[in-house]
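Novice: Once you've had a glance at the structure underneath, I'll fire off some questions.
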Amino acid sequence: MKYAIFVVLVLLLAAIALANPFILEPAGFLAFVKRAAPLVILAAGQYFVIVSGEFDLSVGSLVTVEVVVAARLIDGNEAATWPVLALLLALGLLVGLVNGVVTTLLRVPSFITTLGMMLILSGAVFLWTGGAPRGALSQTFRIFGRDTLYAVAIMVVVGVAAVLLTRATYGRTLIATGDNERAAALSGVRVTRTRILAFVISGLAAAVAGIMLGGFAGVSAQVGQGLEFSAITAVVLGGVALGGGRGSVVAAMGGAFTLEAMFTLLNLYGISGALEYTLQGVIIIAAVAAGAVQLPRLTPTPRKGDAHAS
1 MKYAIFVVLV LLLAAIALAN PFILEPAGFL AFVKRAAPLV ILAAGQYFVI
51 VSGEFDLSVG SLVTVEVVVA ARLIDGNEAA TWPVLALLLA LGLLVGLVNG
101 VVTTLLRVPS FITTLGMMLI LSGAVFLWTG GAPRGALSQT FRIFGRDTLY
151 AVAIMVVVGV AAVLLTRATY GRTLIATGDN ERAAALSGVR VTRTRILAFV
201 ISGLAAAVAG IMLGGFAGVS AQVGQGLEFS AITAVVLGGV ALGGGRGSVV
251 AAMGGAFTLE AMFTLLNLYG ISGALEYTLQ GVIIIAAVAA GAVQLPRLTP
301 TPRKGDAHAS
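Number 310 marks the last residue of the sequence shown (UniProt numbering); no jumps.
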């Protein structure tokens with residue numbers, strides 16, 4: 001089933017409700033949605049990269065950079081909030097553009113490109129802060145992640161935009177590129193531009209998630225740590241093929257909600273948070289294994305007559 005992930009999500013929410021009935025109340029459910037919102041946005045951005053047949057491992061470090069830079073430049077000054085917000089969005093676009101250009105034009109595998117970018121951004125943050133970020137975020141900045149209505153509204157806007165983009169011509173060319181790059185190019189698809197734009201979208205999504213996490217979690221040099229793997233896990237949990245060419249952005253966002261529900265359930269039952277990484281690893285390995293099993297079924301088998309003809 002294309003959207004089977006939502007069945008899993010409902011079951012997990014039911015399990016959470018047994019341990020904490022507060023989630024059944026509007027305030028409790030909205031609090032859960034607010035916590036999940038940054039990961040949902042990251043998963044939406046990561047979807048575009050993965051379905052094109054690539055990876056983006058830089059989003060976690062980019063989130064950290066966004067928060068640290070915002071705190072340093074704003075430093076409690078309300079008047080600086082909006083210019084800094086514009087700068088953060090531009091930074092996300094720039095990082096995505098660099099990732100896309102290096103991957104497509106220089107032919108560097110996206111795993112290596114974005115891993116390198118992750119290390120560059122992490123090193124830059126440590127060099128600039130010495131491991132202890134300085135400055136303070138303004139109240140206006142914090143409202144985007146701290147206020148439930150703002151956080152939910154931003155997530156909904158990003159989600160709707162992602163769905164509309166996948167249903168446009170670009171979404172179809174993206175799927176075609178991830179499914180068979182050469183066939184897509186022969187049919188007139190601008191493969192390079194399509195993939196670069198996917199990385200740009202991922203970078204922009206990471207910038208938005210960083211802005212929200214700054215308000216929600218505060219300033220920390222570890223605020224984005226591990227989010228790149230959480231985003232990838234959410235996407236594959238939603239049934240998106242790691243090799244590209246198959247998947248739904250709605251299901252990817254559903255995967256993010258489901259992953260957040262899993263983390264919430266572990267926390268409610270007092271299970272160590274360290275198990276979260278184990279859980280993500282199991283999900284990714286299972287997704288790759290499932291894709292490997294399904295691949296032969298998706299490959300057309302030559303008919304007897306065709307074999308004799310060849």
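Every residue gets a Cβ at the ideal spot worked out from N, C-alpha and C, and that includes glycine.
Whole angstroms is fine: what's the gap from residue 311's alpha carbon to V51's?
Specialist: In the structure displayed, the chain extends from 1 to 310; residue 311 sits before or after that span and is not available.
Novice: On the CB-based measure, 16 or more other CB atoms within 10 Å of its CB, does N77 come out buried or exposed?
Specialist: As a first step, residue 77 must be located in the sequence shown, where it is residue number 77. It is exposed - the Cβ of N77 has fewer than 16 other Cβ atoms within 10 Å.
Novice: Hey, L85 and V59 are a contact pair by Cβ (cut 8 Å); roughly how many whole angstroms apart?
Specialist: Along the sequence shown, read from residue 1 onward, the residue named residue 85 stands at position 85. Along the sequence shown, read from residue 1 onward, the residue named residue 59 stands at position 59. Actually they do not touch by this definition, with Cβ atoms about 18 Å apart.
Novice: Got a sec, what are the start and stop residues for the alpha helix (DSSP H) R134 sits in?
Specialist: Working through the sequence shown from its first residue, we reach residue 134 at position 134. It is not in any alpha helix (DSSP H) - R134 carries neither H nor E in the DSSP assignment.
Novice: Any heavy atom of the ligand PLP within a distance shorter than 8 Å of the CB on T264?
Specialist: The ligand PLP is absent from the structure shown, which contains no ligands of any kind.
Novice: Give me, in chain order, the residues of the same chain whose beta-carbon lies closer than 6 Å to that of T173; leave out the 5 immediate sequence neighbours on both sides.
Specialist: Here the question's residue 173 lines up with position 173 in the sequence shown. Closer than 6 Å at Cβ, skipping near neighbours: V189, T194.
Novice: Return the first residue and the last residue of the alpha helix (DSSP H) that P83 is part of.
Specialist: As a position in the sequence shown, residue 83 is number 83, starting the count at 1. Its alpha helix (DSSP H) spans residues 81 to 104.
Novice: Output the residue ranges of the alpha helix (DSSP H) runs that lie fully inside the segment 143 to 174 and measure 4 residues or longer, sorted by chain position.
Specialist: 148 to 167
Novice: CB L62 to CB L91, shorter than 9 Å?
Specialist: In the sequence shown, the residue the question calls residue 62 occupies position 62. In the sequence shown, the residue the question calls residue 91 occupies position 91. Taking 9 Å as the Cβ cut-off, L62 and L91 qualify as a contacting pair.
Novice: Put A261 into one of helix, strand or coil per three-state DSSP.
Specialist: Numbered from its first residue, the sequence shown carries residue 261 at position 261. Reduced to three states, the DSSP call for A261 is helix.
Novice: Specify the secondary structure class of S122 as computed by DSSP and reduced to three states.
Specialist: Indexing the sequence shown from 1 puts residue 122 at position 122. Helix.
Novice: With distances taken between CB atoms, is the gap from A207 to V235 smaller than 9 Å?
Specialist: Counted from its first residue, the sequence shown places residue 207 at position 207. Counted from its first residue, the sequence shown places residue 235 at position 235. Not a contact, by the Cβ cut-off of 9 Å.
Novice: According to DSSP, simplified to helix, strand and coil, what is V271?
Specialist: Along the sequence shown, read from residue 1 onward, the residue named residue 271 stands at position 271. According to the sequence as given, residue 271 is Ile; it is not Val. DSSP places I271 outside both helix and strand once states are collapsed to three, so it counts as coil.
Novice: Enumerate in chain order the residues of its own chain whose CB-to-CB distance from G131 is below 8 Å, with the five nearest sequence positions on each side excluded.
Specialist: Sequence index remark: in the sequence shown, residue 131 carries index 131 (1-based). Excluding positions up to five away in sequence, the list reads A221.
Novice: Where do the N-terminal and C-terminal ends of the alpha helix (DSSP H) with L73 fall, by residue?
Specialist: Position 73 of the sequence shown, counting from 1, holds the residue named residue 73. Where L73 is concerned, the enclosing alpha helix (DSSP H) stretches over 59 to 74.
Novice: For the alpha helix (DSSP H) that L186 lies in, which residues bound it at each end?
Specialist: Reading the sequence shown from its first residue, position 186 is the one you call residue 186. Here the alpha helix (DSSP H) through L186 covers 181 to 186.
Novice: If you run the structure through DSSP and keep just helix, strand and coil, what is E54?
Specialist: By 1-based counting over the sequence shown, the position of residue 54 is 54. E54: coil per DSSP, three-state reduction.
Novice: To the nearest angstrom, report how far apart A307 and R107 are at their CA atoms.
Specialist: If you number the sequence shown from 1, residue 307 lands on position 307. If you number the sequence shown from 1, residue 107 lands on position 107. Model confidence at A307 stands at a pLDDT of 42, short of 50, so the residue's coordinates are unreliable; what they give is reported in the following sentence. Looking at the two C-alpha atoms, the distance is approximately 36 Å.
Novice: Looking only at its own chain, which residues have a Cβ that is under 8 Å from the Cβ of G244, when we skip the five neighbours before and after it?
Specialist: Against the sequence shown, residue 244 aligns to sequence position 244. Cβ within range, chain order: I50, V51, S52, G53, E54, T177, G178, D179.
Novice: For the alpha helix (DSSP H) that contains I232, what are its first and last residues?
Specialist: For the purposes of this step, residue 232 is taken as residue 232 along the sequence shown, with counting starting at 1. Counting along the chain, the unbroken alpha helix (DSSP H) around I232 starts and ends at 227 to 237.
Novice: Identify which residue in F141, F29, L115, L30 has its Cα closest to the Cα of A79.
Specialist: By 1-based counting over the sequence shown, the position of residue 79 is 79. The candidate whose alpha carbon is nearest that of A79 is F141.
Novice: Would you kindly work out how many angstroms separate the C-alpha atoms of G281 and F29, rounded to a whole number?
Specialist: Within the sequence shown, the letter at position 281 stands for residue 281. Within the sequence shown, the letter at position 29 stands for residue 29. Between G281 and F29, the C-alpha separation is close to 27 Å.
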